[in-house]
Every structure is written in structure tokens, then in C-alpha cells.
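Comments concern the structure below.
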Amino acid sequence: MSADEITRPLLLLFDIDGTLLAGATDAHRDALHAALLAVHGVDAQTVNARLRPAGRTDGEIARTILLAAGVSAERIDERAGAVREECCRAYQRLCPKDLSRTVLPGVRELLAWLAGRADVRLALVTGNYELVARLKLASAGIGHRFPTGQGGFGSDAEDRAALPAIARRRAGTVGTPHPRAATTVIGDTPRDIACAHADGVRCIALATGPFGREELSEADAVLPSALELGELLAAELAA
């Protein structure tokens with residue numbers, strides 16, 4: 351999608367871990383593990399789930415661990431809400447008071463600039479449960495850039511591919527989702543790219559997480575960091 355094809359206002363859907371923040375996942379992991387122990391009696395530390403969590407929703411991570419522990423899919427479905435509630439409750443207790451050091455270079459400045467523009471709207475598309483996402487970003491000092499009632503979260507769907515459409519629906523008018531041509535997902539994993547393309551929207555990948563440029567090559571653009579993202583968006587919005 352070229353700058354000429356992008357309509358306004360531009361809806362930018364940001365991932366969190368590896369895109370906006372780095373090193374903010376320990377308490378989140380511990381909260382999810384606490385939830386699995388409380389709800390299912392499963393100690394995630396003892397389960398060999400062969401799991402690479404980057405880009406997965408919290409529900410998908412929980413399901414993978416539980417299946418590896420021998421919990422039935424039916425039981426997982428029945429207790430998914432309880433796991434979500436327990437994880438959010440645990441994260442309220444475990445969330446560090448100050449995650450400002452985890453904000454990646456250029457992110458604060460980029461969000462401040464974008465938030466001041468009338469032709470841009472900001473929201474989140476993240477595998478985090480929404481309360482976890484909100485608490486994490488508030489602790490990092492950038493939560494105020496993302497309005498409540500907007501975005502798509504792991505608490506909305508276990509399948510990340512469903513999240514951009516949910517975010518577009520929330521950003522649109524009644525019965526009319528925000529246009530695909532005016533929507534861009536910004537993330538750092540192949541799953542961010544896949545979920546964007548599943549909804550027919552553009553994806554800009556940042557090589558700021560665990561994946562390199564080659565692994566992110568299916569994105570519409572791959573950039574080193576938020577600094578270059580700002581330059582690209584400035585050029586597009588000026589067109």
C-alpha cells in the first residue's frame with residue numbers, strides 16, 4: 351500500500367511487547383502462570399510446552415501450556431474466563447510500579463507526535479488481556495496515548511487474527527468499521543504480520559523484538575526502530 355492509497359484518519363494499531371516495550375514481560379508471565387495454577391492446578395514451570403510466546407495471545411499461551419499438561423480442550427474452554435480473570439487479578443498485584451525503563455527508543459516521542467495529529471488515531475492490537483495491557487502501559491508512562499474503548503486484545507479473542515477487525519469496528523461508526531485502507535498494524539513478530547494480512551490491512555514490522563528482518567519479510571515494510579517509523583509516517587502523512 352503506497353502513501354497515495356492511504357486514507358485519513360489513519361488508524362495505527364500498536365502491539366506492545368517488543369514493539370513499544372522491551373523487558374516488561376516477567377510479571378505478566380508470572381501472573382498467567384499463577385492463574386493456571388489457581389484455576390487448573392497446573393504448574394507451568396514443570397510443563398514442557400515447547401512454547402515461543404512472542405506474538406501469541408494470552409489465551410493461546412494458556413491453551414498451549416494446558417494441552418501439554420493433559421488438560422482437555424473442553425475444560426480449557428469452560429475455564430478460559432476464569433483464567434483471564436485470575437491472570438488480571440494477579441497482574442494487578444505483580445505489575446512493577448515503574449516500567450518506564452522498558453520503553454523502546456523513540457517510542458515516547460513518536461506517540462506524542464502522533465497523538466497531536468488530527469489525521470491519526472492510536473489504538474492497541476495485542477495478545478495481552480486488556481487489563482494487563484492497560485496496567486503495563488500505565489506503569490511505563492505511555493498508557494494515556496491509547497484511549498479506552500478502542501483496540502483489540504487477547505481478552506477479546508484467543509485467535510490474534512480476529513483482533514484487527516475488532517479494533518476497526520471499535521474505531522468506526524455504528525455499523526461501519528474503520529476502513530482497511532486507513533488502518534496499519536505495527537508489530538515485531540510474524541504473528542503481527544499474519545493478523546494484519548488476515549484482515550486485509552497493512553503491517554509495518556519493527557525489528558525491535560526477537561525476530562530479524564528476514565523473519566519479518568512478509569510485512570509491507572520492515573524498519574529498525576520507532577525512529578525510522580516516525581520518518582516513514584511523517585513522509586506518508588505529508589503526501
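For the sequence shown, position 190 matches number 540 in the numbering used here, and the numbering has no gaps at all. Heads up, the beta-carbon is just placed ideally off N, CA and C, and yes, glycines get one too.
Remark: three or more beta-carbon pairs, one from each stretch, lie closer than 8 Å, so the stretch 481-501 and the stretch 357-376 are flagged as touching. Here DSSP, grouped into helix, strand and coil, assigns D542 to helix. DSSP places I516 inside the alpha helix (DSSP H), whose first and last residues are 513-521. Assignment of G537 by DSSP, reduced to helix, strand and coil, places it in the strand class. G522 and G504 do not touch by the CB rule: their CB atoms are close to 21 Å apart, not below 8 Å. The residue among P529, A511, A419 with its C-alpha nearest the C-alpha of R519 is P529. The stretch 378-394 makes contact with the stretch 435-455, as at least three CB pairs between them are under 8 Å.
One Cα belongs to F561, the other to D538, and the distance between them is close to 7 Å. According to the DSSP secondary-structure assignment, V470 is paired through a beta bridge with L360.
Taking a cut-off of 8 Å for Cβ pairs, the stretch 445-463 and the stretch 573-580 touch, as three or more such pairs fall below it.
Comparing C-alpha distances from G420 to each of A432, I554, P403, G391 shows the shortest one belongs to G391.
Under the three-state reduction of DSSP, A404 is assigned to coil, being neither helix nor strand.
Of the residues L485, G499, V524, the one whose Cα lies closest to the Cα of L449 is L485.
C553 carries a strand assignment under DSSP once its states are collapsed to helix, strand and coil. Bounds of the alpha helix (DSSP H) holding L461 are 457-465. The beta carbon of T357 lies closer than 8 Å to those of P529, A531, A532 in the same chain, with the five residues before and after it left out.
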